[in-house]
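Residue numbers (my numbering): 1 to 356.
Have a look at the structure below, then the notes.
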Amino acid sequence: MKIEAVELRVLKMRLLKPFRTSFGVQQDRYPLLVRLDIDGRSQWGECVAGEGPWYSYETVETAWQVLKGYLLPAVIGRDLANVDALETLFAPVRGHHMAKACIEMAFTAALAEHARKPLAKFLGGVRDRVETGVSIGASLAQGYRRIKVKIEPGWDVMALGAVRERYPEITLMADANAAYGLDDAAHLAQLDRFGLLMLEQPLAAGDLVDHASLQRQIRTPICLDESIESARDARQALQLGACQVINIKPGRVGGFAESRRIHDIAANAGVPVWCGGMLETGIGRACNVALATLPNFRLPGDISASDRYWAEDIVEPPFTLQRGGTVAVPTRWGLGVRVKVDLVERLTVRRELIGS
Ligand code: OSB
Ligand code: MG
């Protein structure tokens, strides 16, 4: 398989509802898309980098620069037998997993299409639908398997208490996006009484040691998101007792192959994983859905329906919420959804073709 050229583009898309996290409020999303021209066919991918360096040091801008300056020159025009070959060429670039992941995932989708398999089957998936969850600031959404409330200092115990009182039975969790410190351990222990499924990323991304210490002070299981950028991070987090659950986002960890390694490390340790989201368009969502069909994805993910985010998704068919709060896994070969190229064109605010 030879990647002949790659087109980078940034779209501008309005979120149906502003999205609030401990980093701030976001109304517009600027997804970075890649189109690989590979063996005479087009293959789309999505980079999950955010607009600013809050969730991660990576941004749309850094991903663009690293792709254009380093990653794409290393792979364009070369014959790549498999994902291993791609990972080897990317290895000299330190970090920048989001930039790497969009190429790795598009390349994997191309391999799946070439093998005449849906992406989920190609990855070894075992499900034809995945359980969905929804990540929200304040309002509640119906039909999802679990609700994740974004918290931060000043919006935590009271907020979760109010939700819990109104919905005593609902599967509830909280995501702090690194907004607390170890000094807040006693405060965070107050969340124990709400029977949360888990508390996601309470402390800073690099703080595996402090997460381990916090986990000894609270009953609520800690889940790590920002802290896990690689299989090595996952192995060390589990060795330290820093978490009891892992949120895998393929776009955060460098792609499907690294996601699979994290999945297997967690499975061997008896630790469940689930698939997080990064406000993706249908392209990134298709990748998340395919990954979440692996056996150790045992908890509902942040894989909401397209209409939770967008007035019109850029893929056809869009992802819809189905019976029992699930999303159906596409059955067509490769990515499994068709990209609406005309709509992508209209939403594009920046583009560049990187050739050999
Ligand atoms: O921490 O999981 C997160 C969105 C952007 C960046 C980080 C996160 C999120 C979400 C939204 O929680 C998940 C989604 O619905 O895509
Ligand atoms: Mg999170």
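We put the beta carbon where it would ideally sit given N, CA and C, even for glycine.
For clarity, every value in this text was computed on a predicted model and none was experimentally measured.
Under the three-state DSSP convention, the category residue i falls into
i           : result
residue 375 : No answer is possible for residue 375: it lies beyond the span of the chain, which begins at 1 and ends at 356.
residue 230 : coil
residue 175 : strand
residue 346 : helix
residue 138 : In this prediction, residue 138 has a pLDDT of 43, which is less than 50 and means its spatial position is unreliable; nothing more can be read from the coordinates.
residue 94  : coil
residue 46  : strand
residue 128 : coil
residue 145 : coil
residue 154 : coil
residue 103 : helix
residue 55  : coil
residue 70  : helix
residue 169 : coil
Beta-bridge partners of residue i, as assigned by DSSP
i           : result
residue 316 : 338
residue 26  : 19
residue 5   : 37
residue 353 : 7
residue 326 : 131 and 322
residue 14  : 28
Candidates the options: closest to residue i by CA position
i           : options               : result
residue 321 : 331, 130 and 241      : 130
residue 261 : 157, 240, 45 and 230  : 230
residue 173 : 180, 355, 186 and 200 : 200
residue 133 : 197, 52 and 50        : 197
residue 96  : 346, 254 and 219      : 254
residue 90  : 103, 81 and 341       : 103
residue 267 : 179, 298 and 305      : 298
residue 263 : 276, 16, 277 and 248  : 248
residue 12  : 30, 21, 18 and 19     : 30
residue 85  : 109, 302 and 75       : 75
residue 377 : 220, 7, 128 and 310   : For residue 377 there is no data in the structure shown, the boundaries of the chain being 1 and 356.
residue 43  : 50, 33 and 51         : 33
residue 71  : 27, 92, 284 and 21    : 92
residue 218 : 188, 224, 105 and 239 : 188
residue 156 : 276, 312, 146 and 177 : 177
residue 330 : 127, 351 and 6        : 127
residue 279 : 27, 7, 226 and 106    : 27
residue 276 : 57, 270, 165 and 290  : 290
residue 312 : 323, 207 and 281      : 281
heavy atom of the ligand GTP below 7 angstroms from residue i C-beta
i           : result
residue 229 : The ligand GTP is not part of this structure, which contains only the ligand OSB and the ligand MG.
Run of the alpha helix (DSSP H) containing residue i, from where it starts to where it stops
i           : result
residue 64  : 60-66
residue 87  : 83-90
residue 121 : 119-122
residue 162 : 157-166
Where the beta strand (DSSP E) through residue i begins and ends
i          : result
residue 37 : 32-38
residue 78 : Where residue 78 is concerned, there is no enclosing beta strand (DSSP E), given that its DSSP letter is neither H nor E.
Which complete alpha helix (DSSP H) runs does the region 180-256 hold, if anything under 4 residues is left out?
185-189, 208-217, 231-240 and 250-253
Could I get the ranges of all uninterrupted beta strand (DSSP E) runs contained in the region 258-307, with 3 residues as the minimum, in chain order?
273-275
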